[in-house]
Each structure stands twice: as C-alpha cells, then as structure tokens.
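Trainee:
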Amino acid sequence: MNHYKLSIIGSPLEPLTYHSSQNISLGSLVLVELNKREKKAVVLEKVEKPDFETLEILDITETFFSQKQLALAQFIASYYICSLGDAFALMTPLLRESSVKDDSSHISAASKIVLSKKQEEALEFLQKHKVSLLFGDTGSGKTEVYMKYFESVLREGKQVIFLMPEISLTPQMSKRLQEHFGDAFVLWHSKLTPLQKKKALAKIYSGEAKIIAGARSALFLPIENLGLIVVDEEHDDSYKSASRPRYNARDLAIYMGKLYGIPVVLGSATPSLSSYVKFPHARLKGGHFVSNKEFIYERAPEELTENIQNALRETFEKQEQSIVFLPTRANFKYLICGDCGHNFKCAFCSVGMSLHQHSRAMKCHYCNFTQAIPQVCPECHSPDLVSSRLGTAEAVKNIQEFLPEARVEQFDRDTITTANKLQKALKRFNDRESDILVGTQMLSKGHDYHDVTLAVVLGMDNILNMGDYRAREKALSSLIQVAGRSGRAKDAKVIVQTFNEEFFKRYIGSYEEFLEDEKLFREELYPPFKKLCRILFAHKNGIKAQEAMRVMQEKLSRFKNIEIVGAKKCAIEKVANKYRFEILLRSDKSTDIIKAVRSSMVPLAEVDMDPIEFS
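Start counting the sequence shown at 7; every next residue gets the next number (our numbering).
#1: Checking the sheet assignment: what are the DSSP bridge partners for D614?
#2: S477 to F510, Cα distance in whole Å?
#3: Does the stretch 383–400 come into contact with the stretch 580–594, if we say contact requires no fewer than three beta-carbon pairs (one atom in each stretch) closer than 8 Å?
#4: So V402 and Q416 are supposed to be a Cβ contact under 8 Å. How far apart are they, rounded?
#5: M153 lies in the beta strand (DSSP E); which residues open and close that run?
#6: I'd like to check one pair, V500 with F301: are the Cβ atoms closer than 8 Å?
#7: Evaluate the contact criterion for the stretch 517–533 versus the stretch 566–578: three or more CB pairs, one atom per stretch, below 8 Å.
#8: Below 8 Å, can you find three or more Cβ-Cβ pairs linking the stretch 230–238 to the stretch 163–173?
#9: Check the C-beta distance from Y10 over to S26 and give it rounded, since I have them as a contact under 8 Å.
#10: Less than 7 Å between C-beta atoms, sequence neighbours within five positions excluded: which residues of the same chain meet that for E579?
#11: Please name the residue, chosen from P251, Y475, I514, Y517, that lies closest to I625 on a Cα-to-Cα basis.
#12: Using only the alpha-carbon positions, how far apart do L227 and G347 sit?
#13: Do you know whose CA, among G358, R366, Q327, P177, lies nearest F435's CA?
#14: Of all the beta strand (DSSP E) runs that stay within the bounds of the stretch 414–495, which reach a length of 3 or more residues?
#15: Please work out which residues of its chain come closer than 7 Å, Cβ to Cβ, to S13, disregarding the five sequence neighbours upstream and downstream, and give them in chain order.
#16: Using the three-state DSSP reduction, which class does A95 fall into: helix, strand or coil?
#17: Would you mind reading off the limits of the alpha helix (DSSP H) that contains D345?
#18: Compute the beta-carbon to beta-carbon distance between K299 and S492, rounded to the nearest angstrom, for a pair I have assumed lies under 8 Å.
#19: Drop a sphere of 10 angstroms on the beta-carbon of P251, count the other beta-carbons inside from all chains shown, and report buried for 16 or more, exposed for fewer.
#20: Could I get the ranges of all uninterrupted alpha helix (DSSP H) runs contained in the stretch 266–323, with 4 residues as the minimum, in chain order?
#21: Cβ atoms of K45 and S4: under 8 Å apart, would you say?
#22: With contact counted as at least three CB pairs below 8 Å, one residue from each stretch, are the stretch 440–447 and the stretch 417–431 in contact?
#23: Would you mind stating whether G233 and E308 have Cβ atoms separated by less than 8 Å?
#24: Below 8 Å on the Cβ atoms is my guess for L470 versus N506; work out the distance and round it to an integer in Å.
#25: Helix or strand or just coil, what does DSSP make of K601?
#26: Since I believe A255 is in contact with A215 (beta carbons under 8 Å), could you give me their beta-carbon distance rounded to a whole number of angstroms?
#27: Please name the residue, chosen from Q28, I66, E62, S84, that lies closest to S605 on a Cα-to-Cα basis.
#28: For G142, which option in H287, P200, M262, L207 has the closest C-alpha, if you only look at C-alpha atoms?
#29: What does a CB cutoff of less than 7 Å around G3 pick up in its chain, not counting 5 residues either side in sequence?
#30: Just to check my reading of the structure: L610 and A573 have Cβ atoms closer than 8 Å, yes? What is that Cβ distance to the nearest angstrom?
#31: On the premise that M472 lies in contact with Y340, defined as a C-beta separation below 8 Å, what is that separation, rounded to the nearest angstrom?
#32: Measuring only the C-alpha atoms, how far is A336 from K246?
#33: Taking buried to mean at least 16 other C-beta atoms within 10 Å of its own C-beta, is M7 buried or exposed?
#34: Which term fits V296, buried or exposed, when burial requires 16 or more other beta carbons within 10 angstroms of its beta carbon?
#35: What does DSSP give as the partner residues of M708 in its beta bridges?
#36: Throw me the rounded Cβ distance for the C373 and C352 pair, which I believe falls under 8 Å.
Given below as structure tokens:
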C-alpha cells in the first residue's frame, strides 16, 4: 500500500495523508473523500505509512500539475501566506494525453508590422533584458512593439501570455490580435461563457493557441511551452486579487519569468514607481496623433460648473464628441478647502484623512490618528470646507437637464456589465449615435475615440487627497490616461477640475520628473523602499475579531525588525454583517514580515502582502 501527502484544492487545511494501491505520479490530480464529500486534491509527495488510519484515494484523473506549477503554488502559499489548496485553486491542470502542436507556419516571413526606428530600438532593448519596462506615452505604439516581439517568440515555436486589466480587454484590441495572429490567438477573461472557455482551453491544450491574451487569471492556464509574458498597463490595481490568496499578477509574472527562464515585459504610459525603480526601461515618447491638447484648469469642487456646461454645449453644437470622467466611487469623503484647495493630511503618515461625520472626526486609515473636524482652513482661514462627491448617474442626469438634445451615455461598471454591452456602447459612440460618454476608469482604458475634442476630468482632488500612499501617482496617472483618449484626430481641450493646478501642470508633460520626485516622498516610509503587510480579522461578533487582533498584535510585538504601524478597526468597520479589524506592518524585508506573521498567526487572520487597499 502506498501513502501520499495531498493538498485539497480550495481548502485552507494543511496537506492530508491518504493511501492507494496504485503508484501515483507527483502532481497528479486525484479525487478523495473529505467530511463525506468528494474533493479534488493534488499529490505532493509519497510518505511512509503513518500511525493513524487513512482514507483511500477514490480515483486518479487524467490531469496533473507540472513541476513548474507545483513550484509556483509553493511560492504563492509561502509569500502570500495562504494554504497550498488555495494556491492550486487558481490553476488549471495539464492534460496527460494532450498533443502539443509545434506549429509556427501561421507566422509569415514578411510581417505586416513595420516599426519606426524608436520602436525598433525599444524592441531590441526589451529583448536584451530578462525583466524590462516599456514606458511609452499613449499612442506611441507599444502594442506594435509587443506584437513584433510576439512574432519572434512564435517563430521559436513558443507561446506568449499577454496580460491586460479586464477593463482593457477591448473589442479593438481583440480584433487587432485576431486579424494578425488568426487562430493562434485566444482570449481569456471572466465574462467568457462556459462554452467559450471550453473552446479556448481545447486550443491551449492542443498547442494551437500561441498568443493567450487575458486578465490576471490567464497567468494560471496550462501553457507548457511558455516563451514570453507581457503585462500591459502594469500600474493597474486590478492585477491585485481582493480575495484569498491576495496575489499580485504583475509580481507573479516576474517570478514566473525566473521560474521558466523567460523574459517578462511590463508596459505602461504611467508606470508604477515600483516598476520604474526596480527594472530597466525603454522610453517611447510622443504619440501617433499629432493634434494639440489645451489643458484648462478650473478651481472648483466636484461639480458641473457653468464653464463646463458651456464647453459641453459648444462641443455638441460643433457636432463633436465629449467624454466626462469621474473617479471610481470611493467609500469615503475627504475634506478640502473650497477657497484654496488645502487638503487635510495625517501628521504621521502623509496621507489624506477621511471624514467621519457620525463621529465628528477625521481619521487616518493607516495609523488611526484622529482629530476633530476643523471649522476653518489652517492655510487661508476660510470657513468654506467642502466634501462633495458626484456620481456618474447623477452627472448624466444633470447633463441631460441642461443639454436635453444631446445623447448622453453612462459608461461604467454599473451599465457595462458584459463584453457585448461594451462593444455595442463603443460602436454607438464611434458611429456618432451618442454624443457624450460619462464614466469612470473604464473611459481611459485603451478605447479608440475618433472624434473626441473635449475631455472633462472631475474629482481629481478626491483622488489626490485619498488615504493612500499612492494617491499622487494614481491622480496623475488617471489624468494622463483620460487626456490620452481625446484629440486623436483633431485639436482638443482638457478641462481639469482641481485646486491643485500647480501639481498637475508641473507633471502632466513629464511623468518621469514626477517619478523622480515621488522617490523622495516614499523613501523610508513606503514601497518600493519598504514592504507592507495588512492583516485582516472579520467576525460577526466584533469582540471576537478585536480579541484575535490583540492576540496577534501581542505576538508580533516580539519581532524587533518589523514595525506595527497601526492596529485598529478597519476604515469600513462592517462588511457582509462582519465586524472588521486590521494590523498594518512595515519592514525593510518581506522575509522578515513573512517569518513574523507565520509565527504569530491566529485562526481569524487573513494576510494581505503588499496591500493596495486600505479600507
């Protein structure tokens, strides 16, 4: 009789021991019984017969995890402090009988893609480095560089993972890749139907799929002959999982590059400071479009002012199109001065403090520093302190009231819920069946708007004043991305509503200068110079959640090489009828945090390494 250590897929349990009369290969996916239910499990190792009774393995499936997938799962479990079962739940296993085609015949010798001299130089740079950053302005031709790189990888008979934020998996991008690579291209994301997923997997198993483009889950597909990973819009927050295991797909792509011995390319018009500091970069400046953009800054809180209404009306009367951008709906309001734009920051963390009207206080969501809501601005002594927020639906309604003849569309996650709806909304706009698009981040992601000559950007100060150490980076990045959607065919205006004109004006044309200055702001406090870890505790009984936090805090306090920044109620105190508490840790090394956290774990703790969400 053989005994095996198994990891139960999707289970938080440590590996369990089962037996079988058969010899089973390591990595095999098997079926077992656990608590009278049938479960899938992964064979980790063969072990000696234990001194307790074991259950028999019910069946051996035709699927398995490769040695590289096993190593990746071990890394995820170790770094993100979760069970192996949770790590394996992310992955799709390989088929034992799959016959991989090594076919590069669909790549013609004469490529239709012609690169400029600058693009050629950028491509050569990327091909020389194991991990590199393509820092290219909107419209500078990053996609052409990627596609040329794909061609060279496909000629070697290898496959490519092309990661994009789900919001960026646009019909235009899919069409472009499909037209160039034909049946070698496969799309993978959460909105595919079960039948579409089945067909895509069949092409991946057979090896017919060479370019696998998709959201973060595409990283875990059963690709045996991987030659390149490209992470486009690498700065995007959607690469970070919000549920256990709380991995970051961009960071895992870099680890996979080392594991598979293949190059990894990160790309963005507004790269994260972390990537800019850590990796060598190729710079692509300028855009394919030669029109001019005029930036107009308006000192006003978040509202459709008379100036903006007039600009929208004027653009409509010229039979041109407009986009109106509002930041994604935040959970908190931030107090700013209505006269000078001063925002209130934590004295200890240099991040915005959120407004809690019910407790008549402003709180820092990092260290829990609290102060009374001030009556006047400390800078200009004005009593005009405001915290207004405007939503997309409300903005659409307001525009329809003052411009009833215009066709206004809401363009956000509330209305664009499927790929089909996205495609139809974009077609309506490009066919001139709608005049004004009002939306959130979705507006800025890779869509081609041919006739937009006015971009209205509201609520920039709400992003800038967020309780987040990356607030400046997120605000500037959002503005650059939205502005890049206008003026593609003719000159355009960009109206930016902000009290911080000096900040945006200084950096709007020089993101590199911003990144260099941001280094000084982050040093000694935040990533990429420090490592952060957030530990969450949630329970229907708030006292139990708080007690779990206190016990773990006490254990963590014994480790001298980590700093406990704060231990407190979460900014959003209750979610899904559970009370929430948190501990925020800071250290020079992730290994120190991992060691401390593993030694101090309590049952209710959920770990978020490298957190980007603090609510």
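Using N, Cα and C, we set each Cβ at its ideal position, and we do this for glycine too. Since the structure is predicted, the reported quantities are computational estimates derived from the model, not experimental observations.
Mentor: According to the structure data:
#1: Per DSSP, R540.
#2: It is Ala, not Ser, that sits at residue 477 in the sequence shown. So the two alpha carbons sit approximately 13 Å from each other.
#3: At 8 Å Cβ cutoff, the stretches do not touch.
#4: Their Cβ separation, rounded to whole angstroms, is 5 Å, which keeps V402 and Q416 in contact under 8 Å.
#5: Counting along the chain, M153 falls outside any beta strand (DSSP E), though it belongs to the alpha helix (DSSP H) covering 148–161.
#6: Annotated as proximal: F301 and V500, with beta-carbon spacing under 8 Å.
#7: No, the stretch 517–533 does not touch the stretch 566–578.
#8: With contact defined as three or more Cβ pairs closer than 8 Å, the stretch 230–238 and the stretch 163–173 are in contact.
#9: Confirmed, about 7 Å.
#10: Excluding residues within five positions, the ones whose Cβ falls inside 7 Å are Y585, R586.
#11: Because the chain here runs from 7 to 621, residue 625 falls outside it and cannot be looked at.
#12: Each residue's CA atom was taken as its position, placing L227 and G347 some 48 Å apart.
#13: When only C-alpha atoms are compared, the closest one is Q327.
#14: With a minimum length of 3 residues, the continuous beta strand (DSSP E) runs that stay inside the stretch 414–495 are 414–417, 442–445, 458–463.
#15: The residues P21, A47, V48, L50, L90, G91, F94, in chain order, have a CB closer than 7 Å to that of S13 in the same chain once the five nearest residues on each side in sequence are set aside.
#16: In the displayed model, A95 falls within coil according to three-state DSSP, outside both helix and strand.
#17: Counting along the chain, D345 falls outside any alpha helix (DSSP H), and DSSP gives it neither H nor E.
#18: Indeed they touch by this definition, with Cβ atoms about 7 Å apart.
#19: By the neighbour-count rule (16 or more Cβ atoms within 10 Å), P251 is buried.
#20: Within the stretch 266–323, complete alpha helix (DSSP H) segments of at least 4 residues are found at 279–284, 312–323, given in chain order.
#21: Lying outside 7 to 621, the shown extent of the chain, residue 4 is not represented and no answer is given.
#22: The stretch 440–447 vs the stretch 417–431: in contact.
#23: No, the Cβ-Cβ distance between G233 and E308 is not below 8 Å.
#24: A Cβ-Cβ separation of about 6 Å places L470 in contact with N506 under the 8 Å criterion.
#25: Helix at K601.
#26: Between A215 and A255, the beta carbon gap of about 19 Å keeps them out of contact (Cβ cut-off 8 Å).
#27: It is S84 whose Cα lies nearest to the Cα of S605.
#28: G142 has its Cα closest to that of H287, out of H287, P200, M262, L207.
#29: The first residue shown for the chain is 7 and the last is 621, placing residue 3 beyond what the model contains.
#30: The pair is not a contact, with the Cβ atoms about 14 Å apart (cut-off 8 Å).
#31: With a Cβ gap of about 7 Å, Y340 and M472 count as contacting.
#32: For A336, the predicted structure reports a pLDDT of 45, less than 50, and the residue's modelled location is therefore unreliable. A value from the coordinates is still provided. The C-alpha of K246 is placed about 18 Å away from the C-alpha of A336.
#33: Counting C-beta atoms within 10 angstroms of its own C-beta, M7 has fewer than 16 neighbours from the protein chains shown and is therefore classed as exposed.
#34: The predicted model places V296 with a pLDDT of 49, which falls under 50 and marks its position as unreliable, so this point remains unresolved.
#35: For the chain, the structure presents residues 7 to 621; residue 708 sits outside this window and is missing.
#36: With a Cβ gap of about 7 Å, C373 and C352 count as contacting.
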